[in-house]
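Start counting the sequence shown at 443; every next residue gets the next number (the numbering used here).
Step one of this worksheet: look at the structure below.
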Amino acid sequence: RIARASSFVAAAIPSGEDCLRAVLDAAGGLHCVFSGYYGYDLSKSVDEIRTNYNKFYVSCKNSVPQAIICALDANSYEDAIRNAVCIGGDSDTIGAMTGSIAEAYYGISYEMEDKALEYLTDDLKSLYFAFNFNKFLPC
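Structural data, given as structure tokens:
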């Protein structure tokens, strides 16, 4: 719900709504539908993408499949984020999508969460804890 609301720009682009649904499905663990329903080619490995993916692509058809592959071709959340950064291109967008998928798929270690929280100001920590508490409440 929050991802959909915060991604209104992607939804405004032709085929952006399908791309957004694919990312949300991945975060929900429905990766089996990517190649069939969305028509994404998920046959490449991160290493294969890295060799020729050095441009900034605006189209979600050239970023969502790569984010999915980065998440699924990993052994952990941290490994998935490394994959996303190393392929090049629009790394912040790829990393955000990959991170969303990888968190649902692998989870995030308490050590990584604690380390990340060290960098936040008190007001941002308050928002973080409020969000984490509320995400388990009924919609």
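All residues carry an ideal CB built from backbone N, CA and C; glycine is no exception.
Just the C-alpha distance for residue 492 and residue 547, rounded to the nearest angstrom, thanks.
Position 50 of the sequence shown, counted from the start, is the residue given in the question as residue 492. Position 105 of the sequence shown, counted from the start, is the residue given in the question as residue 547. Cα to Cα, the separation comes out at about 22 Å.
Got a sec, what are the start and stop residues for the alpha helix (DSSP H) residue 516 sits in?
Looking up residue 516 in the sequence shown gives position 74. Run containing residue 516: none; DSSP gives neither H nor E here.
In this structure, does DSSP put residue 568 in helix, strand or coil?
Start at 1 with the first residue of the sequence shown, and residue 568 comes out as number 126. In the structure shown, residue 568 sits in a helix (DSSP, three-state: H, G or I).
Just to check my reading of the structure: residue 570 and residue 559 have Cβ atoms closer than 8 Å, yes? What is that Cβ distance to the nearest angstrom?
The sequence position of residue 570 within the sequence shown is 128, counting from 1. The sequence position of residue 559 within the sequence shown is 117, counting from 1. About 7 Å separates the two Cβ atoms, so the contact holds.
Would you kindly report the start and end of the unbroken alpha helix (DSSP H) that includes residue 557?
Against the sequence shown, residue 557 aligns to sequence position 115. From DSSP, the alpha helix (DSSP H) with residue 557 extends over 552-560.
Around the Cβ of residue 525, are there at least 16 other Cβ atoms within 10 angstroms (buried) or fewer (exposed)?
Locating residue 525 in the sequence shown gives position 83, where the first residue counts as 1. The residue is buried, with at least 16 neighbouring Cβ atoms inside 10 Å.
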